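First up is the structure itself, then whatever we jot down about it.
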Amino acid sequence: MHELKSMWSTVQPANPGELAGARRRLLDGMRPRRRFVTAPRLLVAAGVAAAVAGTALVVGNGTPAYALARSPDGTITVTVNELRDPAGLQARLGAAGVRADVTFLAAGTRCAAPRFAAVDATYDGPPATGPDELRAVVNESRSPKAATVTSVRTIRISPEHIEPGETLVMEFRDNANAQAPWRLGTWLAQADTPVRPCTPVEDTG
Amino acid sequence: MTIPREVIEVDDATLIERSLDEPEIFAILFDRHAPLLHRYVTRRLGPGEAEDVVADTFLAAFQRRGVYDRGRPDARPWLYGIASNVIGKRRRTETNLYRAYIRSGVHPAEIPGPQVEDGVNTLAVNRPLARALLGLKRADRDVLLLVAWAELSYQEVADALAIPPGTVASRLNRARLQIRQALDQEERGE
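Below is the structure:
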């Protein structure tokens, strides 16, 4: 059973973009043929319509470089369509209550490390000796819980795993692939410690 | 999001009840459950038809919301039961997916190139699993995958498919046995 549970488990939950068509079909299908519109109902409809518009922003015609959406469980879903305007994304995260340091890197480069003091071993800890150890490090660490890549374009940020004063450091690298536009390295820097600017160096790995 | 907080925090049964008067509320149920339902359908049918199946499921659920059992705060069994019927109408897509996987070793929705390789030869396990799933009866496969992939409990599967818990158990046993045999055969190199 365990084997079956793991089978194709990397298939990701759908993001709002992948569900936009289905959601629209549902909303269209909900409309009764004849209906008496009352004021309170209009208010609710406006609320839902605004929420729909919120998701549409992510996937609409003029696709923005990035978008943020807060979920009821307190997590923040960040959709990154294009590596443009890192400062803007960083500011948006700040406005959402997440102190972040965002870098966009060209393909084949990385930031010279270390840039900061990390809260766990995922950033500059000793290299893992094998997949099991790597998995153990990831399981024990808070950085991977604070920000998780949930699909080729989305990241889920869980503020509950970020302590006050810590900085979420995000290094996006151009993946030179339209299907999966970027790769992300993300870690937590210790509370109230500086994160130095990124110095890109060549990285062919 | 501008949906009032109080609406977001209530359970599914309350949302469904409120949607009788205010249909738009039903969209919140969609936002709550569609992402994972989509994942479940994608695992079974591939990405091509998943969005359609999700839309069909929620539209059918919306039509039937008047008879929803309000004693069940979590609507997942209900939704996955409806989805099982919708998937059942696309059996050929499902068997084609398993066949293609056995041939190519690629599930079209798996994300290539994760940064952390898991180091396990998943193909050696997944291929016989796909072969076993292909050989299961539809009813057995529904039960097995609702437990393994949708993570429903026995009771929830019974609710989802409107069958007695005893039937869930016997179908699950039969399916598990076939899965186990397929893996053992593979290990023995047959």
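Those protein sequences? They're chains A and B, same order as listed.
Read left to right, the first sequence gives residues -18 to 186 (our numbering).
Read left to right, the second sequence gives residues 2 to 191 (our numbering).
Note that beta-carbon positions come from the ideal geometry of N, C-alpha and C, so glycine has one too.
Fair warning: this is a prediction, and the values are worked out from it, not measured in the lab.
Quick test of your reading: residue i and residue j, contact by CB under 8 Å. State the CB separation rounded to the nearest angstrom.
i: A:Val79; j: A:Leu70; result: Not quite, the Cβ-Cβ distance comes to about 11 Å (not below 8 Å), so this is no contact.
i: A:Arg73; j: A:Leu49; result: 5 Å
i: A:Arg137; j: A:Thr58; result: 6 Å
i: A:Arg154; j: A:Thr90; result: 7 Å
i: B:Ile88; j: B:Glu95; result: 7 Å
i: B:Pro78; j: B:Ala161; result: 4 Å
i: B:Gly67; j: B:Leu21; result: 6 Å
i: B:Thr1; j: B:Ala110; result: Residue 1 of chain B lies beyond the residue range present for chain B, which begins at 2 and ends at 191; the question has no answer from this structure.
i: B:Phe31; j: A:Met11; result: In fact, because the Cβ distance is near 10 Å, the residues do not count as touching under 8 Å.
What residues of chain B sit near residue i, judged by a beta carbon separation below 7 Å?
i: A:Lys(-14); result: Ala149
i: A:Met(-18); result: Ala149 and Arg177
Between residue i and residue j, what straight-line distance do the alpha-carbon atoms span, to the nearest angstrom?
i: A:Pro95; j: B:His108; result: 37 Å
i: B:Ala125; j: A:Ala76; result: 47 Å
i: A:Pro175; j: A:Phe97; result: 6 Å
i: B:Gln64; j: A:Asp9; result: 13 Å
i: B:Thr123; j: A:Thr(-9); result: 12 Å
i: B:Arg175; j: A:Thr60; result: 43 Å
i: A:Arg51; j: B:Leu37; result: 17 Å
i: B:Glu118; j: B:Ala170; result: Its pLDDT being 48, under 50, B:Glu118 is placed unreliably in this model, and the coordinates cannot settle the point.
i: B:Pro166; j: A:Gly106; result: 49 Å
i: B:Gly114; j: A:Asn120; result: With a pLDDT of 49 at B:Gly114, under the threshold of 50, the predicted position of this residue should be treated as unreliable, though the coordinate-derived value follows. Distance between the alpha carbons of B:Gly114 and A:Asn120 is about 20 Å.
Let's see if you can read the secondary structure: which residues bound the alpha helix (DSSP H) around residue i?
i: A:Ala76; result: Pro67 to Ala76
i: B:Val55; result: Ala51 to Gln64
i: B:Thr123; result: Thr123 to Gly136
Starting from residue i, trace the beta strand (DSSP E) both ways and give me its first and last residue.
i: B:Ala84; result: Segment Arg77 to Gly89 is the alpha helix (DSSP H) holding B:Ala84; no beta strand (DSSP E) there.
i: A:Ala170; result: Trp163 to Ala170
i: A:Pro181; result: Pro181 to Glu183
i: A:Leu86; result: Ala81 to Leu86
i: A:Ala48; result: Tyr47 to Arg51
i: A:Arg154; result: Thr148 to Asp155
i: A:Ile138; result: Thr135 to Ile138
Around the Cβ of residue i, are there at least 16 other Cβ atoms within 10 angstroms (buried) or fewer (exposed)?
i: A:Gln160; result: exposed
i: B:Glu152; result: exposed
i: B:Pro24; result: buried
i: A:Pro21; result: Because the pLDDT at A:Pro21 is just 35, under 50, the model does not fix this residue reliably, and the point stays unresolved.
i: B:His39; result: buried
i: A:Arg134; result: buried
i: B:Thr58; result: buried
i: A:Val182; result: exposed
i: A:Thr148; result: buried
i: A:Met(-18); result: exposed
i: A:Pro178; result: exposed
i: B:Glu157; result: buried
i: B:Val35; result: For the sequence presented, residue 35 of chain B should be read as Ala rather than Val. So B:Ala35 counts as buried.
i: A:Ala34; result: No answer about A:Ala34 holds up, because its pLDDT of 37 lies below 50 and its placement is not dependable.
i: A:Thr167; result: buried
Residue i touches chain B at which residues, Cβ-Cβ below 8 Å?
i: A:Pro(-6); result: Pro36, Leu37, His39 and Arg40
Give me the chain A residues within the contact set of residue i, using Cβ-Cβ distance strictly less than 8 Å, ordered along the chain.
i: B:Ile83; result: The premise fails here: B:Ile83 is roughly 13 Å from chain A at the closest Cβ pair, so nothing lies under 8 Å.
i: B:Leu60; result: Arg6, Leu7 and Gly10
Got a sec: does the ligand ZN put a non-hydrogen atom nearer than 7 Å to the Cβ of residue i?
i: A:Ile136; result: With respect to small molecules bound, the structure shown includes none, and the ligand ZN cannot be examined in it.
For residue i, which residues in chain A fall below 7 Å Cβ to Cβ?
i: B:Arg139; result: Under the 7 Å cutoff, chain A gives no residues; its nearest Cβ is about 17 Å from B:Arg139.
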